[in-house]
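A quick write-up on the structure given underneath.
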Amino acid sequence: MFPERGNRRRSQATLPTGNPCAKRAWPEVTAAQDPPVGRGEETVLVTGANGFVGLNLLDQLTRQGVRVLAGSRRPPDMDSEPAQHHLVEWVSCDVTNRRQLVELVQHRNVTRILHAAAVTPTPDIEQGDPARVVDVNLVGTVNALEAARLGQVARFLFVSSSVLYRGFPAECGRAREGDALPPDNLYGVCKNACENLCRQYAENCGLSTVSARLGTAYGPWERASLSRSRMSAVTKLMTMGAERRARPIRVHGLKVARDYIHVSDACAAIAGLALHPWPCWDVYNVSSEESFPLQDMLAALQAEMPGFRWEPVDDPRASDFAFLEEDIRAPLDLSRLRSDLPGWRLRDLGSGIADFAAWRRTNLA
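According to this note's numbering, the sequence shown is numbered sequentially starting from 2.
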């Protein structure tokens, strides 16, 4: 029997009334106090906007005509298409600086916050600099919630993670939101604590909060940065395949299965939940409903990348890429998401990899 977490219906009180190392400068802004003209009176703040998920959120929001304040601690990578959109205004935003965040939300009349700022750490980072992970992932969320409370925003959406299902037996079928397990790493501890903080702010302060548990995302604008040092398996293998190696890529763990979701599909769902007038739940799974073995991913990559070659090895220590038993992830149940966002569509792994490969050929040639 698993703990019943993430299984709470929304109460009436909470219903809504390029190169990461290159030097960059903040874009010049003319008429800085005049926001870009967008849909209605909405102004959405996206924290961590220069990150992998953040840039894709900008893309999805602007497609819907939403005016966006793109918050980033560092100057943005203006080579990306979403960064240049006329509905996007870049603003300096360090989530560890509560005063700056509160003033930004209040002075710019922010109506909704999509909190995507996070450090995605490797085990080495968790062990070597745990305070930084906590400062950004936990304290940064507290600061963003305070800004939302004081700014009386209509919705606070927290980008959580399916890491909370780590250890859920794949043979038990799809994991529901109430099946979350106690986290076993610092990243998961922070995500779990932040979800609970969102619930408390909803219950105590009347703030409309939603947590979106994001699965294993891959797709455009994923690149190494100070905040993201762990790449998705799809991006890792695509990068290896593009290197035109003299020998095949040695892989281990062909039968290890995980859930994968194209980041555009994920961010379409997250944006939909942020803009939804009346979400029924406080936590939603955002991923695929199926886990795919590594060998299926390799077959899809081989179909899209001429010259992509791989060979299996039994010893993970002799591999270029390895999945272990501990990397198995159960598929996630999407009943809540499909009920509240009936128009949302999810592409399969083959289509998603084909779209991502086409994007890389166009943008990374």
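Every residue, glycine too, gets a C-beta built ideally from N, C-alpha and C.
Scanning its chain for C-beta atoms nearer than 6 Å, with the 5 sequence neighbours on each side dropped, one finds around Pro83 the residues Leu56, Leu59, Asp60, in chain order. C-alpha of Glu90 to C-alpha of Trp222: approximately 19 Å in a straight line.
Arg248 places its beta carbon 8 Å or farther from that of Ala319.
By the neighbour-count criterion, in which a residue is buried when 16 or more other Cβ atoms sit within 10 angstroms of its Cβ, Asn51 is buried.
Of the candidates Leu347, Leu342, Ala358, Asn286, the residue whose Cα lies closest to the Cα of Phe309 is Ala358. Only residues of its own chain outside the window of five on either side were considered, and among them Leu46, Leu70, Gly72, Val92, Cys94, Val111, Ala148 have a CB closer than 8 Å to the CB of Leu105, listed in chain order. Secondary structure note for Ser93: its beta strand (DSSP E) is the uninterrupted segment 89-93. Residue environment for Lys192: buried (at least 16 other C-beta atoms within 10 angstroms of its C-beta). Put simply, the backbone Cα of Tyr261 is about 24 Å away from that of Leu276. In this model, Glu326 and Arg177 are separated by some 21 Å (Cα to Cα).
Note that the region 267-286 touches the region 330-343; at least 3 beta-carbon pairs, one per stretch, sit closer than 8 Å. Taken through DSSP and simplified to helix, strand or coil, Val143 comes out as helix. Scanning its chain for C-beta atoms nearer than 6 Å, with the 5 sequence neighbours on each side dropped, one finds around Lys256 the residues Pro294, in chain order. Rounded to whole angstroms, the gap between the alpha carbons of His116 and Ser352 is 28 Å. Note that the region 235-247 does not touch the region 170-187; fewer than 3 beta-carbon pairs, one per stretch, sit closer than 8 Å.
Spanning the alpha carbons of Ala269 and Pro317 requires a straight line of approximately 36 Å.
Asp315 sits exposed, since fewer than 16 C-beta atoms from the chains shown fall within 10 Å of its C-beta.
For the pair His86 and Thr63, the CB atoms are nearer than the 8 Å cut-off. The straight-line gap separating the alpha-carbon atoms of Ala304 and Arg100 is approximately 51 Å. For the pair Ala218 and Ser163, the Cα-to-Cα distance works out to about 11 Å.
CA-to-CA, the gap between Val143 and Cys195 works out to about 8 Å. Between Ser209 and Ala203, the C-beta gap is smaller than 8 Å, which places the two residues in contact.
Val160 sits away from Val137, with the two beta carbons spaced by 8 Å or more. In terms of CA proximity to Leu238, Arg361 leads the group Gln107, Val96, Arg361, Asp80.
Between the alpha carbons of Arg167 and Met241 lies a distance of about 27 Å.
The shortest CA-to-CA distance from Arg231 to any of Arg74, Ile126, Met306, Gln65 is the one to Ile126. For Ser292, the uninterrupted beta strand (DSSP E) segment begins and ends at 292-294.
Counting other Cβ atoms within 10 Å of its Cβ, Thr48 reaches 16 or more and is therefore classed as buried.
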